[in-house]
Amino acid sequence: MHSSEIIPGSLQARNALRGHPLSSGNRSPGSFPARIVPVLATLILAILLSISLGGCSSKPATPEFETARKNQAARYAEFGNKQISLGNYDLALRFFTLALEENTAVDHLSGIAQAHNSLGRVYLAVGDLQEAQERFETALDFAGLAQHQEVRMQAQVNLGVTLLQSGENQRARALFQEALGAVETGEAPSNAILYHSIATLHAREGAFERARQYLEKARDMNKEDGLWAELASNHYMLASVASRQGQYQEALQEAYQALAYDKRAENSPGIAENLFALGVIHERLSRDREAYQYHLRALRVYLAIRNRSGAIRSLENLEQVASRLGRDEEALSFHQQRKQLILVPPEELTPEEQSLEDLAGEEPPLPLPSREYQRPSPDMTEKEEDPSP
Numbered sequence: 255m256h257s258s259e260i261i262p263g264s265l266q267a268r269n270a271l272r273g274h275p276l277s278s279g280n281r282s283p284g285s286f287p288a289r290i291v292p293v294l295a296t297l298i299l300a301i302l303l304s305i306s307l308g309g310c311s312s313k314p315a316t317p318e319f320e321t322a323r324k325n326q327a328a329r330y331a332e333f334g335n336k337q338i339s340l341g342n343y344d345l346a347l348r349f350f351t352l353a354l355e356e357n358t359a360v361d362h363l364s365g366i367a368q369a370h371n372s373l374g375r376v377y378l379a380v381g382d383l384q385e386a387q388e389r390f391e392t393a394l395d396f397a398g399l400a401q402h403q404e405v406r407m408q409a410q411v412n413l414g415v416t417l418l419q420s421g422e423n424q425r426a427r428a429l430f431q432e433a434l435g436a437v438e439t440g441e442a443p444s445n446a447i448l449y450h451s452i453a454t455l456h457a458r459e460g461a462f463e464r465a466r467q468y469l470e471k472a473r474d475m476n477k478e479d480g481l482w483a484e485l486a487s488n489h490y491m492l493a494s495v496a497s498r499q500g501q502y503q504e505a506l507q508e509a510y511q512a513l514a515y516d517k518r519a520e521n522s523p524g525i526a527e528n529l530f531a532l533g534v535i536h537e538r539l540s541r542d543r544e545a546y547q548y549h550l551r552a553l554r555v556y557l558a559i560r561n562r563s564g565a566i567r568s569l570e571n572l573e574q575v576a577s578r579l580g581r582d583e584e585a586l587s588f589h590q591q592r593k594q595l596i597l598v599p600p601e602e603l604t605p606e607e608q609s610l611e612d613l614a615g616e617e618p619p620l621p622l623p624s625r626e627y628q629r630p631s632p633d634m635t636e637k638e639e640d641p642s643p
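For the sequence shown, the numbering used here begins at 255 and goes up steadily by one.
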């Protein structure tokens, strides 16, 4: 599932130095009597010195507030968001932890809440629902202390999404309703992620038309704002709704749109999920040749971003599709690769106490015995979608 939150990306600028140029007179120094020149020079020097020391126009403007650490926290958060889009969750965790430390050092309550929101997103992305829930609950507490309604709403939505994944629909509904109430009363701005999350709840309960209404509202907002990854999430969910209604051609078109927008955003986790979804939809349309290629492409991306669970899912589907296509050797190869990958213990997220100096280290790729997945199938043509929907 695609997910995101609003984190300040802009940094406050420091006041610039201001000064006024000195204008020269029209008379040449040569026209003054020689005895006056030293006196005049001394006088000019004294005037210039007094201007430089006492003139308010050339004195650097003093900022009303010092924001260096908050700005640094915002930069760390920006780096973390970029790493999430690349699927580098360990790096994202470290950057968001650094953002938390900077905000905590200056008791910036809303910044602390935002940092916990961001950390929760990382844990949610890797499937650690318990840790994600604790982070979002902490974010909710700090947002309340800061009396920052928008950040509070973000925490409510994030916590609601986590509870949905845990099957706690009623608790999620209460959080979404409270957040929606804040929007309707003007306490918080409209939020496409909130509408998308409400749509997800309706879809889980089978209220597909209500889900469509909220998804279309979120889609229109994200398209207007040019938020491509969020827009891809909306199309992905619309594809899911259409697929659950048995409308596979519509689902196919929505999934193509989702893939195109995620490619525009270079959102690797989203690209992988879209490719996998396209494979599943083609399977339901009995188009196994096309399904094979989409699952193969999804596998490549999952491996590139070291998404172990995604790679296992893709290998399982590839095994089944290859068997139906009579590609028994490939089916066996996919089965063996999946079995080996299941036996490998999942890598732990990097502990939060890791320092920035550790960021340069690279992790080894996921271990697989063969590399057939790196080549297109020789008798099948892979389709490259137009990345501009």
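Glycine included, C-beta positions come from ideal geometry on N, C-alpha and C.
- Membership of leucine 448 in the alpha helix (DSSP H) is indicated by the continuous run 446 to 458.
- For alanine 327, same chain residues with a beta-carbon under 6 Å away, outside a window of 5 residues either side, are Ala353, Glu356, Asn357 and Gly365 in chain order.
- Excluding sequence positions up to five before and after isoleucine 447, its CB lies within less than 6 Å of the CB of Val411, all in the same chain and listed in chain order.
- With distances taken between CA atoms, glutamine 591 lies nearest to Ser563 out of Ser563, Asp344, Arg578 and Leu579.
- Sequence-distant partners of isoleucine 338 (beyond 5 residues in either direction) whose C-beta falls short of 6 Å from its own C-beta, in its chain, are Ala346.
- Within the same chain, Leu363 come within 6 Å of leucine 399 by CB-CB distance, once the 5 residues on both sides are set aside.
- In terms of Cα proximity to alanine 442, the closest of Arg458, Asn476 and Gln403 is Gln403.
- Rounded to whole angstroms, the separation of the alpha carbons of glutamate 320 and alanine 433 is 32 Å.
- Sequence-distant Cβ neighbours of leucine 418 in its own chain, meaning closer than 8 Å and more than five residues away, are Ala426, Ser451, Thr454, Leu455 and Arg458.
- For alanine 386, the three-state secondary structure derived from DSSP is helix.
- Valine 380 sits in coil when the DSSP states are folded into three classes, being neither helix nor strand.
- One alpha carbon belongs to glycine 341, the other to asparagine 521, and they sit about 8 Å apart.
- For leucine 429, the enclosing alpha helix (DSSP H) has its first and last residue at 423 to 438.
- Going by beta carbons, alanine 386 and leucine 394 fall outside the 7 Å limit.
- Glutamate 332 has its alpha-carbon roughly 27 Å from the corresponding atom of arginine 554.
- Sixteen is the threshold: since fewer than 16 other Cβ atoms of the shown chains lie within 10 Å of the Cβ of serine 444, the residue is exposed.
- Taking the CA atoms as reference points, arginine 406 sits about 21 Å from methionine 475.
- Cβ atoms of leucine 572 and leucine 595 stay farther apart than 8 Å, at about 12 Å.
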